[in-house]
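Below you'll find the structure, written out as structure tokens, and then a few comments.
Chains as they are written, first to last, in this note's numbering: chain A, 1 to 584; chain B, 1001 to 1090.
Put into structure tokens, the structure is as follows:
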């Protein structure tokens, strides 16, 4: 009997075959079937075909591989890995539908490698496997960036890999120091303290925080996600950051430092989002803000907090992909997602507007949408541990989220109070309400359905979470307070709507602190350092040539006087004396 | 039937104002009847969530715009810097 089939490996290896299929329709069908196969394997695993999954925190261990004196565990199957794996394959299926009209099949390959390695990371039972999968994960999106082909995207790809190699080195250093200390490579909960004895754990935490784009290490996300190909960026929204959240849940849950970092991050990203002019960059700041909820939930560390973080990661993948798809539709159809160039698209793209709005309501946490369930769980966790400041930060982030994704973005792209888009944009649109390709609408439709379905019937979500859920979301107090808050948020937006219009600006982020010194350093290398180097080269060459000519020239040799020979002998004697003094 | 339609402005505003008035009245009424249960005392202040939503939203926009004086630059900021540092010699 087969021990288990690794869904990540199926998708990872399956992805490489895509370019070798000749017939386009077969190729697309195969591309769509990969996540479906992954989903079938997961369902079979849940049903106990490969052995029953014990209750959390116990796990079913499969695919043990000997490596040096250690045993790698490629398949640790427990409730936490299953919840992430399920959403990874479901999201991959919807994203594949959205990406069907992409002509470059290598983009599909990169996407499938990315999805497969992410599944590898969530099922990893040891640090070596985890690190290996994280490294593959850090390379796959670079190609999704480079396939865009623009100069800016090329630069973004390099910055992306630099950030992720740095985080990878931090994680590896942490793993090796932990291994040296304990002799174990088990991917389990780690001790944490703010001292030198825990340096390795701090490095590991830093690596995970960079991967999860926690403030102040968040700038790589807003910098790069908006520059990938329209469909490539959808994949990027889901996997890297959520895998890092999964790692944080496993290793550093209950660390108060990250609770505060998460809560501050949830609000901080929103300030930057106000100034944003690009639809996809705005959504990127919302990924950062929403990750703040998850990181805060992990930091709170109670069963409610962990459930909140896991469920928010799950819901976030769905609605954020939907938001990116909405902004990506505008980019695909009219070639830009910049607010100052758009507006009035509703008439020509109404379906994508309404589907986007489902995502907007979900991320804001409107009742009857999935974000309401997961967000309330994290906020309730902060209430239960009596942390009013954390509560206020998270609740404040809810206001800002609705302001941007529920109001600012749809207003600026689809509405702006006008019935027709600017003439330059209008020229790119057909006289039809169906300008968006059907496959994009189907992909968005499935995600929108999931947002509403999980919002109305949260039991399906509760059953997947690691801890038993004792949480009633639809109480009068919660539904009423959040609805009233949104009604008045809209009023604030309407009064100041002129200020949230798109202006053609770029917002400097924390990466300025690295990019400017980096540029100065490179200029130092290119100008003074190279000039000094060439000067040194010239000097050495001059001396060498004079020695060579002196040795080769017989005329010069003839001119040697007894005085010159005597001087030479004296120098040799002095050097020899030094040599004797040192070594004898 | 023309498939191109304008967005439903009038309908939206009517629903919005009705919801706004109902929410204000319900908050006072339910607080009076002790139907709403909160974890922190400040949540029980009259119309707390209305005030929080309105001023939170306006505060966020205004503070961010203030930050914009320092951190909002032109779209080609890094490209210009890049040119200055890298391509000046070429």
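Think of the CB as a built atom: it goes at the ideal place given N, C-alpha and C, for glycine as much as any other residue.
Tell me residue i's beta-bridge partners as DSSP assigns them.
i, result
"residue 1017 of chain B", "None; residue 1017 of chain B has no bridge partner."
"residue 506 of chain A", "B:1073"
"residue 75 of chain A", "A:62"
"residue 70 of chain A", "A:67"
"residue 278 of chain A", "A:338"
"residue 186 of chain A", "A:126"
Roughly how many whole angstroms lie between the Cα atoms of residue i and residue j?
i, j, result
"residue 116 of chain A", "residue 136 of chain A", "9 Å"
"residue 573 of chain A", "residue 563 of chain A", "15 Å"
"residue 1001 of chain B", "residue 353 of chain A", "Below a pLDDT of 50, predicted positions are generally treated as unreliable, and residue 1001 of chain B, at 37, falls in that range; the measurement from the model is reported next regardless. Answer to the nearest angstrom: the Cα atoms are 21 Å apart."
"residue 570 of chain A", "residue 546 of chain A", "21 Å"
"residue 522 of chain A", "residue 377 of chain A", "47 Å"
"residue 1029 of chain B", "residue 1016 of chain B", "20 Å"
"residue 17 of chain A", "residue 501 of chain A", "46 Å"
"residue 1013 of chain B", "residue 189 of chain A", "52 Å"
"residue 1065 of chain B", "residue 274 of chain A", "8 Å"
"residue 470 of chain A", "residue 478 of chain A", "16 Å"
"residue 233 of chain A", "residue 30 of chain A", "21 Å"
"residue 132 of chain A", "residue 186 of chain A", "14 Å"
"residue 342 of chain A", "residue 424 of chain A", "9 Å"
"residue 594 of chain A", "residue 104 of chain A", "Outside the displayed range of chain A (1 to 584) lies residue 594 of chain A, so it cannot be described from this structure."
"residue 565 of chain A", "residue 578 of chain A", "20 Å"
"residue 75 of chain A", "residue 391 of chain A", "37 Å"
"residue 516 of chain A", "residue 1069 of chain B", "19 Å"
"residue 309 of chain A", "residue 49 of chain A", "29 Å"
"residue 365 of chain A", "residue 88 of chain A", "22 Å"
"residue 229 of chain A", "residue 509 of chain A", "22 Å"
"residue 359 of chain A", "residue 184 of chain A", "43 Å"
"residue 1083 of chain B", "residue 1077 of chain B", "10 Å"
Can you tell which of the options has the C-alpha that lies nearest to the C-alpha of residue i?
i, options, result
"residue 292 of chain A", "A:446, A:502, A:212", "A:212"
"residue 60 of chain A", "A:46, A:154, A:277, A:185", "A:46"
"residue 323 of chain A", "A:265, A:363, A:24, A:348", "A:363"
"residue 488 of chain A", "B:1011, B:1024, B:1081", "B:1024"
"residue 231 of chain A", "A:95, A:413, A:257", "A:95"
"residue 178 of chain A", "A:194, A:159, A:509, A:198", "A:198"
"residue 468 of chain A", "A:387, A:62, A:515, A:459", "A:459"
"residue 72 of chain A", "A:126, A:22, A:82", "A:126"
"residue 101 of chain A", "A:114, A:175, A:439", "A:439"
"residue 620 of chain A", "A:183, A:134, A:154, A:436", "It is not possible to answer for residue 620 of chain A, since the shown part of chain A is limited to 1 through 584."
"residue 92 of chain A", "A:457, A:239, A:518", "A:239"
"residue 384 of chain A", "A:513, A:300, A:25", "A:300"
"residue 441 of chain A", "A:534, A:321, A:482, A:456", "A:321"
"residue 1058 of chain B", "A:123, A:271, A:243", "A:271"
"residue 1044 of chain B", "B:1060, B:1032, B:1053", "B:1032"
"residue 144 of chain A", "A:216, A:227, A:200, A:220", "A:227"
"residue 285 of chain A", "A:319, A:333, A:222", "A:222"
"residue 507 of chain A", "B:1010, B:1084, B:1074, B:1061", "B:1074"
Mind checking residue i: buried by the 16 CB within 10 Å criterion, or exposed?
i, result
"residue 164 of chain A", "buried"
"residue 112 of chain A", "buried"
"residue 290 of chain A", "buried"
"residue 247 of chain A", "buried"
"residue 265 of chain A", "buried"
"residue 110 of chain A", "buried"
"residue 276 of chain A", "buried"
"residue 193 of chain A", "exposed"
"residue 1090 of chain B", "Only weak support exists for where residue 1090 of chain B lies, its pLDDT of 45 falling under 50; the value from the coordinates is given anyway. Exposed."
"residue 380 of chain A", "buried"
"residue 531 of chain A", "exposed"
"residue 543 of chain A", "exposed"
"residue 474 of chain A", "exposed"
"residue 210 of chain A", "buried"
Interfacial residues, the stretch 188-214 of chain A to chain B, with Cβ spacing under 9 Å: Those residues of the stretch 188-214 of chain A that come within reach of chain B (Cβ to Cβ, closer than 9 Å) do not exist; the list is empty.
Residues within the stretch 1066-1087 of chain B neighbouring chain A, beta-carbon criterion of under 9 Å: The residues in question are 1067, 1068, 1070, 1071, 1072, 1073, 1074, 1075, 1076, 1077, 1078, 1079, 1081, 1082, 1084, 1085, 1086.
Interface positions of the stretch 461-491 of chain A facing chain B (Cβ-Cβ less than 8 Å), listed along the chain: Of all residues in the stretch 461-491 of chain A, the ones placed with a Cβ closer than 8 Å to any Cβ belonging to chain B are 475, 476, 477, 480, 481, 482, 483, 484, 485, 486, 487, 488, 489, 490, 491, in chain order.
Residues of the stretch 290-306 of chain A whose Cβ lies closer than 9 Å to any Cβ of chain B, in chain order: So the list is empty, because no residue satisfies the distance condition.
Short-range partners of chain A found in the stretch 1024-1039 of chain B, where Cβ spacing is below 9 Å: Against chain A - using a Cβ distance shorter than 9 Å - the residues of the stretch 1024-1039 of chain B are 1024, 1026, 1027, 1030, 1035, 1036, 1037, 1038, 1039.
The stretch 1042-1065 of chain B: positions lying closer than 9 Å to chain A by Cβ: Within the stretch 1042-1065 of chain B, the qualifying residues are 1042, 1043, 1047, 1048, 1049, 1050, 1051, 1052, 1053, 1054, 1055, 1056, 1057, 1058, 1059, 1060, 1061, 1062, 1063, 1064, 1065.
Residues from the stretch 252-271 of chain A in contact with chain B, defined by Cβ distance under 7 Å: Going along the stretch 252-271 of chain A in chain order, one finds 270, 271 with a Cβ nearer than 7 Å to chain B.
Residues within the stretch 528-550 of chain A neighbouring chain B, beta-carbon criterion of under 8 Å: So the list is empty, because no residue satisfies the distance condition.
Short-range partners of chain B found in the stretch 505-525 of chain A, where Cβ spacing is below 9 Å: Listed by position along the chain: 505, 506, 507, 508, 509, 512, 515, 516, 519, 520, 522, 523.
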